[in-house]
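A.B. asks: First the structure, then my questions, so here it is.
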Amino acid sequence: MTILSGGAFGIDESALRGALTGDSPAVVVLPCGVDLDYPMAHTRLFAEIVRTGGLLVGEYPLGSLPTRARFIARRRLLAALAAATVIVEAGLRSAALTTARAAGHLGRRVYGVPGPITSAASAGVNELLRTGDATAIGSVDHITYQEGLR
């Protein structure tokens, strides 16, 4: 299973590190030119992804800096490239919800990891689950089963 990510801190970073540990290919969709590591703190992580056969991709010319509009476009591109989108954690105003909505509009499957109802960081993903815009999962085994990969 290929892991796609925007390469941000937090869950994006964890997913990429998990891909490297689990020998899964990783693809990072950048909001800038592919010659720029964004965020710069992930320069080594991105180099390791490329070294192990993963990709850094983007839709902007070399030297293009990240902008708000490019972050929004990156979410759309992530949704379009992925067969399915997994939302692990998202508050009500999380950018991850934009990716989930874009995936749904494209007819892609959306999965969500339910979180505590008392956690603001879970409110967005729990709302996706409540409205039926995402299917609840609890492990990678659930994804591989749902996607017919096992």
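Using UniProt numbering, read the sequence shown as starting at 1 and increasing by one per residue.
For each residue, glycine too, the CB sits at the ideal point set by N, CA and C.
#1: Throw me the rounded Cβ distance for the Val29 and Leu62 pair, which I believe falls under 8 Å.
#2: On the three-state DSSP scale, how would you describe Ser122?
#3: Do Leu128 and Ala100 have their beta-carbon atoms positioned less than 8 Å apart in this structure?
#4: Mind checking who Arg109 pairs with in its DSSP beta bridge?
#5: CB-CB under 7 Å to Ser94, same chain, minus the five flanking residues each way: which ones, in chain order?
#6: Please state whether the Cβ-Cβ distance between Thr52 and Leu20 is less than 8 Å.
#7: Can you tell me where the beta strand (DSSP E) holding Leu56 begins and where it ends?
#8: Grouping DSSP H, G and I as helix and E and B as strand, with all else coil, what is Ala96?
#9: Need the endpoints of the beta strand (DSSP E) that Leu4 sits in, please.
#10: Between Tyr60 and Val86, which are expected to be in contact by the criterion C-beta below 8 Å, what is the C-beta distance as a whole number of angstroms?
#11: Can at least three beta-carbon pairs, one atom from the stretch 68-77 and one from the stretch 40-50, be found at a separation below 8 Å?
C.D. replies: Concretely, from the data shown:
#1: 16 Å between Cβ atoms; not a contact.
#2: helix
#3: yes
#4: Ala84
#5: Gly124
#6: yes
#7: 55-57
#8: helix
#9: 3-5
#10: With a Cβ gap of about 26 Å, Tyr60 and Val86 do not count as contacting.
#11: no
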